[in-house]
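Counted the way our numbering counts, the sequence shown spans residues 953 to 1255.
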Amino acid sequence: MAKTEPLAWIDGGVVPLAAARLPLTDRGFLFADSIFDTVRTYGGRPFLLGDHLDRLRASAAAVFLPVPWSDSELVAIANELLARHPGEASLRIMITRGDGGSGLALPEPQRPRLVVLCRPLHPPDASAYREGVSVVRPPGGQAKASGVPSHVKSGSYLANVLALREARQRGGFEALLLAADGSWSEATTSNLFVVRDGALRTPGLADDILPGITRALVLEVAASLGIAATEGAVGDADLLGADELFLTSSIKEVLPVTRVDDLPVGAGVPGPVTQRISQGFAAAVQRLQAAGTTRLADGIDPA
Ligand SMILES: Cc1ncc(COP(=O)(O)O)c(C=O)c1O
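Shown next as structure tokens:
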């Protein structure tokens, strides 16, 4: 097996990703009837895996999908993959509802299927962090709608796929998504932060977002740096009046946004608060990894 070959854990063992096979009758394939979570490594070890497993379980519970694997089994699978994958990786832990059921009706009993993909990590280019990226507001003011609550990380990403396609066609890097109340919720695979007068604001957990694990850590980092932060609806006035904007996700970490559509954000370059958060974030990652912390709730030291 080549050293950096992408891998998959499927049917109880590790295989090269290219050789992994799934029955076409799997409900994940047929109906996006699945949930997942994406974890990245730092120093070859998964980052905040406990938090990702908690969110995976919450997603599963919200769609009535049993998870018959214990945390220690899931951790062992992650470690088995990573032991064979030198270099930084992203792990996509997926649970589908497996086969069966009469049409859309749930199978009884359910036989969920676990698949874990282990692939080389591909964060955005260094230039995106140096210069910042642009986000695009969807035309037409349509709220995001997949029928699945936003706090559930389900396999149903088609609405986000289409929003990103539209954004890329218009020259943007990411697309912003509207919450049901017309406020800005998040982007297609990241959470949104606004900086104004030195303070952060980010859509709250009730504002149609995925509760990002990076978002949670950024809020802790801000507190430890003495940067004020509020959680709540973010409207157009917040967005267009921002001094700085940034996106967060496990893969993107803290990514400056310097344009909304064709409008510059603040001075049009990554701003000082974003840079402080970004540096504080990198330091927190080091500390958490050194301490072997797998859940943020276990506490981080102040910066
Ligand atoms: C819709 C959405 N929002 C936010 C995030 C960021 O979450 P996290 O920081 O846990 O990676 C993601 C991650 O993929 C996402 O898909």
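Even for Gly, the Cβ is constructed at its ideal location relative to N, Cα and C. Predicted model only: the values in this text are computed from it and were never measured.
With 16 other Cβ atoms within 10 Å as the buried cut-off, status of residue i
| i | result |
| --- | --- |
| Met953 | Note that Met953 scores 42 on pLDDT, short of 50, meaning its location in the model is unreliable and no value can be drawn from it. |
| Pro1254 | Confidence at Pro1254 is low in this model, with a pLDDT of 47, below 50, so its placement is unreliable and no value can be given for it. |
| Ala1131 | buried |
| His1074 | exposed |
| Asn1143 | buried |
| Thr956 | exposed |
| Ser1269 | In the structure as shown, the chain starts at 953 and stops at 1255, and residue 1269 therefore has no counterpart that could be examined. |
Opening and closing residue of the beta strand (DSSP E) in which residue i lies
| i | result |
| --- | --- |
| Leu1157 | Unbroken run through Leu1157: none, as it is neither H nor E. |
| Val1100 | From DSSP, Val1100 is part of no beta strand (DSSP E); its letter is neither H nor E. |
| Val1045 | Before going further, note that residue 1045 is Ile rather than Val in the sequence given. Note, Ile1045: beta strand (DSSP E), Ala1041 to Thr1048. |
| Thr1210 | Glu1205 to Val1212 |
Residue nearest to residue i in terms of C-alpha spacing, selected from the options
| i | options | result |
| --- | --- | --- |
| Leu1026 | Pro1076, Arg992, Trp961 and Ala1010 | Trp961 |
| Thr1245 | Asp963, Glu1126 and Leu1000 | Leu1000 |
| Arg997 | Gly1232, Glu957, Leu976 and Gly1039 | Gly1039 |
| Leu1191 | Ser1108, Val1087 and Gln1238 | Val1087 |
| Pro1020 | Ala1014, Leu1066 and Arg1036 | Leu1066 |
| Gly1084 | Arg1239, Leu982, Glu957 and Thr1226 | Thr1226 |
| Ala1115 | Ser1108, Pro1224 and Glu1126 | Glu1126 |
| Arg1247 | Leu1144, Leu1199, Thr1166 and Leu1177 | Thr1166 |
| Lys1105 | Pro1076, Leu1162, Leu1177 and Asn1031 | Leu1162 |
Check: residue i C-beta below 7 Å from any heavy atom of ligand 3
| i | result |
| --- | --- |
| Arg1044 | Absent from the structure shown: ligand 3. Ligands present: ligand 1. |
First through last residue of the alpha helix (DSSP H) which encompasses residue i
| i | result |
| --- | --- |
| Ile1260 | This structure gives no information on residue 1260, because the portion of the chain shown stretches from 953 to 1255. |
| Pro1224 | Pro1224 to Ala1243 |
Open item on the list: Count Cβ pairs between the stretch 1045 to 1062 and the stretch 1092 to 1104 that sit closer than 8 Å; are there 3 or more?
Closed with: no
TODO: Answer yes if the stretch 1136 to 1151 comes into contact with the stretch 1066 to 1082, meaning at least three C-beta pairs across the two stretches below 8 Å, and no otherwise.
DONE: no
Task: Sufficient close CB pairs (3 or more, under 8 Å) joining the stretch 1171 to 1184 to the stretch 1148 to 1158 - done: yes
Task: the stretch 963 to 978 in contact with the stretch 1006 to 1022 per 3-pair CB rule at 8 Å - done: no
TODO: Answer yes if the stretch 1120 to 1135 comes into contact with the stretch 1168 to 1176, meaning at least three C-beta pairs across the two stretches below 8 Å, and no otherwise.
DONE: no
Open item on the list: Does the stretch 974 to 983 come into contact with the stretch 1229 to 1237, if we say contact requires no fewer than three beta-carbon pairs (one atom in each stretch) closer than 8 Å?
Closed with: The way I'd put it, the stretch 974 to 983 doesn't touch the stretch 1229 to 1237; fewer than three beta-carbon pairs between them come closer than 8 Å.
- [ ] Pick out the complete alpha helix (DSSP H) segments inside the stretch 997 to 1029, 4 residues or longer, and give them in chain order.
- [x] Fully enclosed alpha helix (DSSP H) runs of 4 or longer: 1001 to 1014.
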